[in-house]
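Notes follow the structure.
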Amino acid sequence: MGSNPVYLDSSYPIEARIEDLISRMNLEEKIAQLTSIWAPNIIENGKLSEEKLSTFLKNGIGQVSRLAGATALPPKEVAKIYNEIQKFLIEKTRLKIPAIVHEECLSGFMANTATTFPQAIGLASTWNPDIIYEVTSVIRTQMRYVGAHQGLSPVLDVAKDPRWGRIEETLGEDPYLVASIGESYIKGLQGEDIKNGIVATAKHFAGHSFSEGGRNLAPVHVSPREFREVFLFPFEVAVKNAKVLSIMNAYHEIDGIPCASSKELLTKILREEWNFSGIVVSDYGAIDMLYSFHKVTDSKEGAAKLAIEAGIDVELPSLNCYGEPLIFAVKKGIVSEDTIDNAVRRVLRLKFKLGLFENPYVDPSEVPEFLDSKAEYRNLALEVARESIVLLKNDGYILPLSKNIESIAVIGPNAASTRNLLGDYSFTAHLSLTKDAVPIVSILEGIKRKVSKNTKVYYAKGCDVTGSSKEGFSEAIELASKSKVAIVVVGERSGFTKEDVSGEGRDRNELGLPGVQEELVKAIYETGTPTIVILVNGRPLAIPWIAENIPSILEVWLPGEEGGNAVADVLFGGYNPGGKLPISFPKSVGQIPIYYNRKGTSWGNYVSSDSKPLFPFGHGLSYTKFEYSNLEISPRE
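Residue numbers are given in my numbering: position 463 of the sequence shown equals residue 468, and the series is strictly consecutive.
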């Protein structure tokens, strides 16, 4: 045993180190471990501000929020600033406690130059847990380069209402599929040894995807049995099988109780029933929302009390209710210091497990200038995108096309766009950048690369994703009329701006193609040229006319950086599509909810429609024909 304090001596058991450290901490230092700092608040002009560090981190800090994801700094600079933050904490604070840095990683590490994989709904369409493990292993590697320790993924919300904008972030409508893909996601991210891994964060706990009217943050109405069997099941698997180390609460309320203040959910079920021993972090601003949005308390002190006593350990993304309001609440006897100590123990336990006290730094010289620099990363992005593509329809076997086809008209607002191939938590989309953070292959470019040199490829945008202008129709019709086949690429755009129609906060009250896109499809179809529709979107779309009239339809979701090449591989027979829908497509918004595992008593028809989906859960064709016969099943012993 050395002369260092017990908590700084790695030869002692973690629990002994925790108790030694807590015994040395004053109240302000304890509560600092339950708080976080938004990275841009301590960075000025791309440099770390010593003055702001001294102001905000004088007592230490639990977490730093999005050092890479909110700054747009190059990877090497992120690593350098990360080291400077840890150096300050170790050399300039009394107890030398390093910080955890968390980032987003839904469809890849949300950082400048990191690999952009397909959005989560596309990952689920692979029905392939093994390849998801490979994806998150790459994410882990890229995050560890720059000093990140925790990723705020996966989303384990079971998707029941496609009006909800965050459907694209989910793994579909089936609890078992969500749990299976989620388990692989977590295991790949955390790795075999968490000292070299990334803490996964299962979210949003729980039922966030079943909100009233499909509106984000709206109340959730669900029976206790359905809540456990459907919405809690993937989280239970994450805790018990995948050994997830972090959980994030959901924003909404259930039966009048916000999840952020639900002791039943965050303590009784999560910790007492499931024996979860990791940390619970708040969704961004969720604790303040107890006061400002849900209005279940009249002060920030009250919000802090409700959250900490319910079981939220760390407030993200910045100092707010768990700062001065929580300190005040403890000093006034509103919250017991024992409650604080229990939360601090969980935070410190994770930091010790991560090995932060022994190895708080990274080596910037080992950080690539470009995180997505290895061919194996892009090859994996390509393979996952291929596996995620669902062939919805192929009447007359128009697909696959010949590479030697005489001419092709490629039409539509998502044909030449690279930006529109990305999900809401990709770096480019999330920060609304005008330049791609990594090279992205558009569908038009993928087609051009795939066809013979003699094939004429014509392109017309036709219209925007949203809006009413049809000025581009005439050019699109002209090009389609003189081509052997027309490929119309339509759908949605994901993100956080008013131009976006999918993603967080982008809830819809109708599910057809936005704008005049369906009219564009009809105009091209009426030319008589064989027409293929490619859907680039984040949610199921109600497109009954297209489903009935267009002979070939591909669902490619938001396929990421290699999306164009993956789509071209499928179009021209280089890859046999095998993706399956992880969620049902309705014929109209009036059919919702229309998930496949409804009770038999809910299959009654409407006056003007049956209750069958347009495309059911699990649907997906291929270019091959086969049949099953003489099936047998043996009972388990």
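Backbone N, C-alpha and C define an ideal beta-carbon position, used for all residues, glycine too.
>> For the structure I just gave you, are there three or more beta carbon pairs, one from the segment 619-634 and one from the segment 201-218, closer than 8 angstroms?
In response: no
> Rounded to whole angstroms, how far is the Cβ of Glu-320 from the Cβ of Ala-243, which I believe are closer than 8 angstroms?
Replying inline: Not a contact, Cβ separation roughly 22 angstroms.
> For Met-294, does the three-state DSSP call read helix, strand or coil?
Replying inline: helix
> If you run the structure through DSSP and keep just helix, strand and coil, what is Tyr-463?
Replying inline: strand
> Roughly how many angstroms separate the alpha carbons of Glu-82 and Lys-440, rounded to a whole number?
Replying inline: 19 angstroms
> My guess is that Ala-184 and Pro-239 are in contact by the Cβ rule of under 8 angstroms, so how many angstroms apart are they, rounded?
Replying inline: 4 angstroms
>> For the alpha helix (DSSP H) containing Ala-434, name the first residue and the last one.
In response: 432-435
>> Please tell me whether Ala-442 and Glu-567 are closer than 8 angstroms, where the distance is taken between their beta carbons.
In response: no
> In the structure shown, what three-state DSSP assignment does Thr-118 receive?
Replying inline: coil
> Nearest CA to the CA of Ala-291: which residue from Glu-49, Lys-273, Lys-248, Asn-325?
Replying inline: Asn-325
> Is it buried or exposed for Ala-503, if we count other Cβ within 10 angstroms and need 16 for buried?
Replying inline: The sequence shown places Lys at residue 503, rather than the Ala named in the question. Counting Cβ neighbours within 10 Å, Lys-503 comes out exposed, since fewer than 16 surround it.
> Just to confirm, are Gly-569 and Glu-381 a CB contact at a threshold of 8 angstroms?
Replying inline: no
> Secondary structure at His-4, three-state DSSP: helix, strand or coil?
Replying inline: Given a span of 6 to 642 for the chain in the structure shown, any question on residue 4 remains unanswerable.
> Exposed or buried, what is Phe-4 when buried is set at 16 or more other beta-carbons lying within 10 Å of its beta-carbon?
Replying inline: Outside the shown range of the chain, which is 6 to 642, sits residue 4, and nothing can be said about it.
> To the nearest angstrom, how far is it from the Cα of Ala-77 to the Cα of Thr-118?
Replying inline: 9 angstroms
> Quick one, are the C-beta atoms of Gly-193 and Tyr-138 less than 8 angstroms apart?
Replying inline: yes
> Contact between the segment 153-169 and the segment 414-424: three or more CB pairs below 8 angstroms?
Replying inline: no
> Which same chain residues, not among the five before or five after Leu-13, have their C-beta less than 6 angstroms away from its C-beta?
Replying inline: none
> Got a sec? Which residues, its chain only, sit under 6 angstroms from Phe-590 by beta carbon, not counting five neighbours each side?
Replying inline: Pro-545, Pro-618, Leu-619, Phe-620
> Using DSSP with H/G/I as helix, E/B as strand and the rest coil, what is Gln-596?
Replying inline: helix
> Should Asn-9 go down as buried or exposed, given a rule of 16 or more other Cβ atoms within 10 Å for buried?
Replying inline: exposed
>> Looking at the strands, I want to know which residues DSSP matches up with Val-285.
In response: Ile-252
>> Only counting the same chain, and skipping five residues up and downstream in sequence, which positions put a Cβ closer than 7 angstroms to that of Lys-92?
In response: none
>> Am I right that Val-594 and Ala-528 are in contact with their C-beta atoms under 8 angstroms? What's the rounded C-beta distance?
In response: Not confirmed; about 24 angstroms, so no contact.
> At which residues does the beta strand (DSSP E) containing Gln-38 begin and terminate?
Replying inline: Element bounds for Gln-38: n/a, residue is neither H nor E.
> Whose C-beta lies closer than 7 angstroms to the C-beta of Pro-45 among residues of the same chain, with five residues either side of it excluded?
Replying inline: Ala-75, Thr-76
>> Tell me which residue opens and which closes the alpha helix (DSSP H) that Gln-147 is part of.
In response: 134-150
> Does the segment 295-315 come within contact of the segment 334-351, defined as at least 3 CB pairs closer than 8 angstroms?
Replying inline: yes
> Which value, in whole angstroms, describes the spacing of the CA atoms of Thr-536 and Leu-271?
Replying inline: 52 angstroms
>> Measuring alpha carbon to alpha carbon, tell me which residue in Leu-518, Ser-142, Arg-149, Thr-120 is nearest Val-106.
In response: Arg-149
> Exposed or buried, Arg-29, counting other C-beta atoms within 10 Å across all chains shown (16 or more means buried)?
Replying inline: exposed
> Between which two residues does the alpha helix (DSSP H) containing Thr-536 stretch?
Replying inline: That residue, Thr-536, is in no alpha helix (DSSP H); its beta strand (DSSP E) goes 536-541.
>> I'd like the list of long-range same chain contacts for Ala-552, defined as Cβ closer than 6 angstroms, with 5 residues on each side in sequence excluded.
In response: Leu-619
>> Does Pro-123 pass the burial test, meaning 16 or more other C-beta atoms within 10 Å, or should it be called exposed?
In response: buried
> From Lys-200, Ile-191, Lys-268, pick the residue whose C-alpha is nearest to that of Lys-245; which is it?
Replying inline: Ile-191
>> By the three-class DSSP mapping on this structure, what secondary structure does Lys-200 have?
In response: helix
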